[in-house]
Structure formats: C-alpha cells, structure tokens
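The sequence shown begins at 10 in my numbering and counts up one residue at a time. Note that CB positions come from ideal geometry on N, CA and C, so glycine has one too. This one's a predicted model, so the numbers in the text were calculated from it and none came from an experiment.
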Amino acid sequence: LDMCLPAIRGESSNGHFPIHFAICTLPFGNPQAAVEVVNCLLSVDPSVASEEGIGSYPLIRACLETNRLNLSSGLEVINLLYNAYPEAIVNAQASLRRLIDISEF
C-alpha cells in the first residue's frame, strides 16, 4: 500500500472508498478482518478516515454496521476511526443539516 497510495483513496463508480468497503464487511464473515483492514489503511494514510463516501463518513458507517453479533470488532473499528478523525461527528451533523435545509417539505 505504501507504494500505491492513490489506491487507498480511490473512489469506486458508486461512491465507495476502500475504507467503506472494509467497514461494510463488519456484519459478514470475519469481523476481525475488517478491524485489520481498517487499521492497515489508517496506518498508511490516516486521512482516509475523513473520506465522505456513500453518504457518510467511515465513523458513521461503522456505527451503522455494528450490531450485537460483531460488537467487539465494531467498537474497535469505531475507536480507530474516532481517534483518526473525531470531527466526523460534527461534520456528519452539519451535512445532515444541509440536506434538511435544501429539502422542501
């Protein structure tokens, strides 16, 4: 990964980034693998935690993907992402407010 940094920041055609793909695997198969991949991506480039893709930041996506079956791994991913980019909470709230402001009810 160190040799190909653009690869970890590459956006797919549907708005996913590699970190989002890793987080979305939490509910399936081996949740500990998601922890390892997220940790690896963050160790190479911590700014991947600030990639807003598929409508949310990685921290928010990790909260949505964590459930009672993957709680330990999910909380570990949440902790890693929060430590890398705690501003995701405030920025996600601001993004939601902008969406509400532009929608007409």
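Compare the C-alpha of residue 33 against each of 94, 72, 103, 14 and name the closest.
-> As a position in the sequence shown, residue 33 is number 24, starting the count at 1. The option with the nearest alpha carbon to residue 33 is 72.
Out of curiosity, what's the CA-to-CA distance linking residue 82 and residue 61?
-> Here residue 82 refers to the residue found at position 73 of the sequence shown. Here residue 61 refers to the residue found at position 52 of the sequence shown. Cα-Cα distance, rounded: 22 Å.
Which class does residue 38 belong to by DSSP, given the choice of helix, strand or coil?
-> For the purposes of this step, residue 38 is taken as residue 29 along the sequence shown, with counting starting at 1. Coil at residue 38, not helix or strand.
Name the one or two DSSP bridge partners that residue 62 has.
-> Taking the sequence shown and counting its residues from 1, the one referred to as residue 62 is at position 53. Bridge partners of residue 62: 65.
Close beta carbons around residue 40, own chain, < 6 Å, minus the five adjacent residues each side = Reading the sequence shown from its first residue, position 31 is the one you call residue 40. Same-chain partners within the cutoff: 79, 82.
Quick one: grab the DSSP three-state call for residue 26.
-> Residue mapping note: residue 26 aligns to position 17 of the sequence shown, counting from 1. Residue state, collapsed to three classes: coil.
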